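Numbering (the working numbering), first residue to last: 37 to 441. We put the CB at the ideal spot given by N, CA and C, even for glycine. From a predicted model like this one, the values you see are computed outputs, not experimental measurements. As structure tokens, the structure follows; a few thoughts come after it.
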Amino acid sequence: MKFNNIDFDTYLKQYPDEKGYFGKYGGSYISPELQVAMQEISEAYYTICKSRKFIDELRRIRKEFQGRPTPISHLERLSNKLGNVQLYVKREDLNHTGAHKLNHCMGEALLAKYMGKKKVIAETGAGQHGVALATAAAYFGLECDIYMGSEDIKKQAPNVARMKILGANVVEVTDGQATLKEAVDAAFAAYSREYKDSIYCIGSVVGPHPFPMMVRDFQSVVGIEAREQFVEMTGELPDAVVACVGGGSNSMGMFSGFLNDPVDIYGVEPLGRGPKLGDHAASLQYGTEGIMHGFNSIMLKDENGEPAPVYSVASGLDYPSSGPEHAFLHDLGRVKYDVVNDEETIDAFFTLSRLEGIIPAIESSHAVAYGMKLAKQMSRGSVLICLSGRGDKDMDYIIEKYGIR
Ligand SMILES: *Cc1c(COP(=O)(O)O)cnc(C)c1O
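In structure tokens:
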């Protein structure tokens, strides 16, 4: 399928180019020492990902350890309530550890093993990426250093406990605001010191090349499974596909399966409390081109051109940019990016729980809220939503802040 002069039959093979660019977005803007390390990961990945042994092992792990394929569920009661449009969800909440993040963490840790590394290193904000990576490290017998700001350590006690139980070393970062940004800096600094024996594992389709490509490839299992399952269930393709966008990994995985199809694709960003800078994290909606964390993309900037403070009720969506491939698909118009606010999200969280017996993560509730809106606008057809994770982690927070609705 051709769209805006891009041939989507061959798109996934052509993008990114060998320097890691999706159009003008992506690339690798890092220090020369880190460049050497990223080059090593890149070369290893291009070779190893084509090897039969690696592919077979990853397939076996997905089936026997992660519990894949995850199913698609038809939301019959919700669909009936909204009208004639049929809603479906791809159940990444049923992937081991309760979210899609393990898909790329298992891939990254398996790569580390093939490269002969002893340790995986990463930062974490809310702790979700840290927990997924600690799980992968335990599975493969790798050491695991997770850098986390002391403010986040205080707020995220259950995830800190999970990481420690899994045997990870949680390294407290006390610089500056002691949150995610400082944790990223500390983890990168540690990696430049230790790259001979370790590999850095990024938690989304962000960062320097090859991570936006690698994480997309590892997450593409979501879209490949979903397309096949949906066609098997209904005999046709969905009319629309929806996923929430933080850094953009669950959405890129889901979208990659449908880019070459006559399907409308929607990426949903968090509008939070409203459109004022600082009240949301809708980078593709309100941001401009810029470089941060080693890549060129669309980002939210403050008056000095630095990454702006952002807010979302979902800690996993609270990031001032999105992966370079999203910026590219946004400019091409192949994916439409839109927003839902906190209120609509919380409403969707309770609606899905009550009508379907599925408690969604607050991040995923953004996609559900948008899918519900779409269903009301369309007179017929079907919408497939990526349910990126389960909401157990969010229950205490929601009850405390919003009460039972
Ligand atoms: C981390 C997270 C997200 C956001 O990350 P993406 O890279 O945008 O997918 C979404 N949903 C859940 C459940 C998460 O844990």
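If I follow the unbroken beta strand (DSSP E) through residue i, where does it start and stop?
i	result
N377	371-377
I435	Not the beta strand (DSSP E): I435 falls in the alpha helix (DSSP H), residues 431-438.
L307	300-308
H110	108-111
G185	179-185
S234	234-236
Which of the three DSSP states, helix, strand or coil, is assigned to residue i?
i	result
L123	strand
G143	helix
E272	coil
F385	helix
D315	coil
F39	strand
R95	helix
P194	helix
I421	strand
H132	helix
L118	helix
A279	strand
V209	strand
V257	helix
G62	strand
P396	strand
A158	strand
R229	helix
R426	strand
Y406	helix
Where do the N-terminal and C-terminal ends of the alpha helix (DSSP H) with residue i fall, by residue?
i	result
N442	Since the first and last residues shown for the chain are 37 and 441, residue 442 lies out of range.
T449	With the chain represented from 37 up to 441, any question about residue 449 goes unanswered, as that position is not in the structure.
V167	164-176
L48	47-50
Between residue i and residue j, is the Cβ-Cβ spacing less than 8 Å?
i	j	result
I189	E208	yes
T106	L130	yes
R252	V267	no
C280	V156	no
Q213	I108	no
In terms of DSSP beta bridges, what is residue i paired with?
i	result
D221	None; D221 has no bridge partner.
M335	T324, S357
I201	DSSP, once it has assigned bridges, lists no residue as partnering I201.
(message) Under 8 Å, with one C-beta from each stretch per pair, do the segment 313-328 and the segment 343-352 reach the 3-pair mark?
(response) Between the segment 313-328 and the segment 343-352 there are three or more C-beta pairs closer than 8 Å, enough to call the two in contact.
(message) Taking contact to mean 3 or more Cβ pairs, one atom from each stretch, closer than 8 Å, check whether the segment 350-366 and the segment 323-342 are in contact.
(response) Yes, the segment 350-366 is in contact with the segment 323-342.
(request) Specify which residues have a beta carbon nearer than 5 Å to any heavy atom of ligand 2, listing them in chain order. (result) Ligand 2 is absent from the structure shown, which contains only ligand 1.
(request) Take every Cβ of the segment 261-272, pair it with every Cβ of the segment 83-100, and state whether three or more of those distances are shorter than 8 Å. (result) Too few Cβ pairs lie closer than 8 Å, so no.
(request) Could you tell me whether the segment 283-296 touches the segment 135-145, where touching means 3 or more Cβ pairs closer than 8 Å? (result) With three or more CB-CB distances shorter than 8 Å, the segment 283-296 counts as touching the segment 135-145.
(message) Check whether the segment 81-94 and the segment 398-415 are in contact - that is, three or more C-beta pairs closer than 8 Å.
(response) Cβ pair count under 8 Å is below three, so no.
(request) Say whether the segment 424-434 touches the segment 293-306, bearing in mind that this needs 3 or more beta-carbon pairs closer than 8 Å, one atom from each stretch. (result) Cβ pair count under 8 Å is below three, so no.
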